[in-house]
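The numbering of the sequence shown is the working numbering, which starts it at 1 and goes up by one.
Just so you know, even glycine gets a beta-carbon here, dropped at the ideal spot from N, CA and C.
Computed from a predicted model, the values in this text were never measured in an experiment.
Here the structure comes first, spelled out in structure tokens, and everything after it is commentary.
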Amino acid sequence: MELRHLKYFVAVAEELNFRRAAERLFMEQPPLSRQIRQLEDELGVELFYRNRQGVSLTAAGRAFLDEARLALAQAERAAQAARQAGEAQQTKLVIGFSICVFNRLLSNVIQTFREIAPTISISLTEASTAAQVQAIATKDIDVGFVHLPLDHPDLCFETVLTEQLVAVLPQGHSLAALPAIPLHLLANEPFVLCPEQVKPDFYYQIMRLCEQAGFQPKVAQEATPPEVVISFVEAGAGVSLVASGAQTRHSAGVVYRAIAESTPPIEVAVAWHKQNQSPTLSQFLKVVRDARSKQISLPGHDVFAQMLL
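In structure tokens:
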């Protein structure tokens, strides 16, 4: 039994005439008669008396009519609820982010988006990469800014920011004279790092690199966001490893040096659910892509971040 069978039945029951019911339904009478007969066969009862005087409802037909109307009304309510939810989704965008990505990249993207789409409500949710991926997968947020590498069968990723890892040292540090610092020379240095629970992906990357260089960092101070990390380095609390873009935001009292070893780039991507076809999301992604396409090349730093500071 399908909703169309209920619509056919209700039309005949209200018209008590197959010809008028067929006209009402914009169909031919013979197919309508066949559909009603199929419905009766499926139910195992006759819904109409048919004779030369016309058509009338049986007791089973009268009982079925009330329930059929309720079922059709409920189906319409369900459709309306879906349409309303869809319309509401078009007017709101939920964005996941980490604080360092917001400072370097997202704030101006949002400003631009608000200028071209002033009626869209924006909701921001700060979360780790793992939490954002989960929230996008469950459609609790529409779009996120996450650290790569990642792989999820339901999500799309596009890189929007690429940076290198650099060492940051207090001015006057003995290693500052080197143009590039081998990581093993930092083995005995105290480190200032972002806490593991705040940026686990970045934290684990630093730990892996140091382990490959033969040591485990001695964490003397934890801090967040990166600007605070660098302030602790400036104060002499230790050294740190940060994304190269940090040097465009905080350079007083510290020096930045490349790492001698080859290190994987730090990549930030915009992520969204493959099934999310929202025009609002598409409009937001266009803003991100337009900004990305305007980048130029600077040593050690993706200018997409520079543009959006």
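Below 8 Å on the Cβ atoms is my contact criterion, and I expect residue i with residue j to pass it. Report the Cβ-Cβ distance as a whole number of Å.
| i | j | result |
| --- | --- | --- |
| Leu338 | Thr263 | The shown model of the chain, from 1 to 309, leaves out residue 338, and the question about it has no answer. |
| Ala176 | Val229 | No, Ala176 and Val229 are not in contact; Cβ-Cβ is about 17 Å, not under 8 Å. |
| Leu32 | Tyr8 | 6 Å |
| Leu57 | His5 | Not quite, the Cβ-Cβ distance comes to about 16 Å (not below 8 Å), so this is no contact. |
| Pro190 | Ala220 | 3 Å |
| Ser128 | Pro200 | 6 Å |
| Ala311 | Gln283 | Limits of the chain in this structure are 1 at one end and 309 at the other, which puts residue 311 out of reach. |
| Val160 | Val268 | 6 Å |
| Gly44 | Ala13 | Going by Cβ atoms, the distance from Gly44 to Ala13 rounds to 18 Å, so no, they are not a contact pair. |
| Phe202 | His147 | 7 Å |
Are the CB atoms of residue i and residue j nearer to each other than 8 Å?
| i | j | result |
| --- | --- | --- |
| Asp142 | Leu106 | no |
| Ala252 | Pro226 | no |
| Phe215 | Gly144 | no |
| Ser121 | Thr162 | no |
| Val10 | Leu72 | yes |
| Ile136 | Trp272 | yes |
| Thr224 | Val198 | yes |
To the nearest angstrom, how far is it from the Cα of residue i to the Cα of residue j?
| i | j | result |
| --- | --- | --- |
| Ala167 | Glu261 | 12 Å |
| Ile266 | Gln74 | 52 Å |
| Arg50 | Asp66 | 20 Å |
| Gln134 | Glu42 | 45 Å |
| Cys156 | Pro30 | 50 Å |
| Asp290 | Ser244 | 23 Å |
| Val55 | Arg83 | 38 Å |
| Glu234 | Asp154 | 43 Å |
| Ser240 | Arg114 | 36 Å |
| Leu185 | Glu222 | 21 Å |
| Ala237 | Lys286 | 42 Å |
| Glu28 | Leu150 | 56 Å |
| Asn188 | Lys218 | 8 Å |
| Ala258 | Glu126 | 30 Å |
| Ser231 | Gly172 | 15 Å |
| Gln35 | Thr119 | 47 Å |
| Leu281 | Thr248 | 30 Å |
| Gln205 | Asn276 | 31 Å |
| Ala63 | Lys139 | 42 Å |
| Val288 | His250 | 25 Å |
| Ala78 | Asn108 | 39 Å |
| Glu23 | Leu16 | 13 Å |
| Leu3 | Ala21 | 16 Å |
| Gln306 | Thr112 | Note that Gln306 scores a pLDDT of 35, beneath 50, so its modelled location is shaky and nothing firm can be said. |
| Met1 | Arg292 | 53 Å |
| Phe18 | Leu25 | 10 Å |
| Gln53 | Gln80 | 40 Å |
| Lys274 | Ala180 | 42 Å |
| Ala59 | Arg37 | 16 Å |
| Pro279 | Ile95 | 15 Å |
Please decide whether residue i counts as near chain B, where near means a Cβ-Cβ distance under 8 Å.
| i | result |
| --- | --- |
| Asp201 | Looking for chain B here will not work: only one protein chain is present. |
Is any heavy atom in the ligand GTP found nearer than 7 Å to the beta carbon of residue i?
| i | result |
| --- | --- |
| Lys286 | Ligands in the displayed structure: none, and consequently the ligand GTP is not present. |
DSSP state of residue i, grouped into three classes?
| i | result |
| --- | --- |
| Gln221 | strand |
| Ile36 | helix |
| Glu267 | strand |
| Arg20 | helix |
| Lys7 | helix |
| Ser121 | strand |
| Phe97 | strand |
| Ile259 | strand |
| Leu241 | strand |
| Thr91 | coil |
| Thr280 | helix |
| Leu25 | coil |
| Glu163 | strand |
| Glu158 | strand |
| Glu126 | strand |
| Gln306 | Unreliable placement is indicated for Gln306, whose pLDDT of 35 sits below 50; the coordinate value is still reported in the next sentence. Three-state result, Gln306: helix. |
| Leu150 | coil |
Review point. What are the uninterrupted segments assigned as beta strand (DSSP E) that are 3 or more residues long and contained completely in the segment 168–236, given in chain order?
Key: 190–193, 218–222
Practice item. Identify every run of the alpha helix (DSSP H) within the segment 45–89, keeping only runs that are complete inside it and at least 4 residues long; order them along the chain. Key: none
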